[in-house]
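Asks:
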Amino acid sequence: LRARFLSLLLLVLTTLIGCGDGIPVSGKVTLDGEPLAAGVIKFVPAAGVDAPTTSTSITDGGYAFGSSDGPSAGIYAVEIYRDDPVPEGLDDPATFLEQEGKLVQPPNSVAPQFNRRTILKVEVTASGETEFDFQTASR
Numbered sequence: 009l010r011a012r013f014l015s016l017l018l019l020v021l022t023t024l025i026g027c028g029d030g031i032p033v034s035g036k037v038t039l040d041g042e043p044l045a046a047g048v049i050k051f052v053p054a055a056g057v058d059a060p061t062t063s064t065s066i067t068d069g070g071y072a073f074g075s076s077d078g079p080s081a082g083i084y085a086v087e088i089y090r091d092d093p094v095p096e097g098l099d100d101p102a103t104f105l106e107q108e109g110k111l112v113q114p115p116n117s118v119a120p121q122f123n124r125r126t127i128l129k130v131e132v133t134a135s136g137e138t139e140f141d142f143q144t145a146s147r
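For the sequence shown, our numbering gives the first residue as 9, with consecutive numbering after it.
Printed below as a string of structure tokens:
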């Protein structure tokens with residue numbers, strides 16, 4: 009009885025944790041023609057794609073998702089953010105600044121059409137292209 013319980017528990021845990029059903033994806037990111045030194049890239053699923061948003065770090069212009077953290081097959085909007093210097097007097101870059109009575113996030117030097125209002129789209133498939141390069145521009 010105990011062995012059966014342990015087997016069932018192992019099966020449930022394996023199902024919940026998953027076995028890495030993401031697709032390894034990698035590529036390069038440039039900002040104004042130069043490799044983006046540091047930042048974050050997010051793959052946001054398009055409407056109708058049943059998948060979570062995935063993100064990873066960009067270092068020296070490169071990024072890579074493995075099978076454990078990569079996106080599932082589907083169409084994604086791609087958002088790219090640069091790790092900009094923290095404005096003076098602000099301890100945490102995720103903290104909002106108050107400007108003219110409104111709360112706003114610290115500026116991101118990557119133009120909005122490559123992040124909040126992205127025009128970047130990719131289709132991730134298990135058997136297709138898994139390397140995506142992105143050329144971005146500053147504000």
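Positions of the beta carbon are idealized from the N, C-alpha and C atoms, including for glycine.
Assuming A81 contacts A134 (C-beta within less than 8 angstroms), just tell me the rounded distance between them.
Replies: As a first step, residue 81 must be located in the sequence shown, where it is residue number 73. As a first step, residue 134 must be located in the sequence shown, where it is residue number 126. About 5 angstroms separates the two Cβ atoms, so the contact holds.
Asks: To the nearest angstrom, how far is it from the Cα of E87 to the Cα of S76?
Replies: Here residue 87 is taken as the residue at index 79 of the sequence shown, counted from 1. Here residue 76 is taken as the residue at index 68 of the sequence shown, counted from 1. C-alpha separation (whole angstroms): 20 angstroms.
Asks: Compare the C-alpha of R147 against each of R90, V132, I83 and name the closest.
Replies: Here residue 147 refers to the residue found at position 139 when the sequence shown is read from its first residue. With distances taken between Cα atoms, R147 lies closest to R90.
Asks: List the whole-angstrom C-beta distance separating I49 from T67, where the pair is believed to meet the contact cut-off of C-beta under 8 angstroms.
Replies: Start at 1 with the first residue of the sequence shown, and residue 49 comes out as number 41. Start at 1 with the first residue of the sequence shown, and residue 67 comes out as number 59. Not quite, the Cβ-Cβ distance comes to about 11 angstroms (not below 8 angstroms), so this is no contact.
Asks: Cα-Cα, which of A119, V118, D92, E131 is closest to V52?
Replies: The residue labelled residue 52 in the question sits at position 44 within the sequence shown. Checking every option, the nearest Cα to that of V52 belongs to E131.
Asks: Span of the beta strand (DSSP E) holding A85?
Replies: Within the sequence shown, numbered from 1, the residue matching residue 85 stands at position 77. Note, A85: beta strand (DSSP E), 82 to 90.
Asks: Kindly indicate which three-state DSSP category F122 falls into: helix, strand or coil?
Replies: Here residue 122 is taken as the residue at index 114 of the sequence shown, counted from 1. Collapsing the DSSP output to three states places F122 in a helix.
Asks: Find the nearest neighbour of S34 within the set P60, F142, T138, judged by alpha-carbon distance.
Replies: In the sequence shown, counting from the first residue as 1, residue 34 sits at position 26. For S34, the nearest C-alpha among the options comes from T138.
Asks: Would you call I31 buried or exposed, if buried means 16 or more other Cβ atoms sit within 10 Å of its Cβ?
Replies: For the purposes of this step, residue 31 is identified with residue 23 of the sequence shown, where counting begins at 1. I31 comes out buried.
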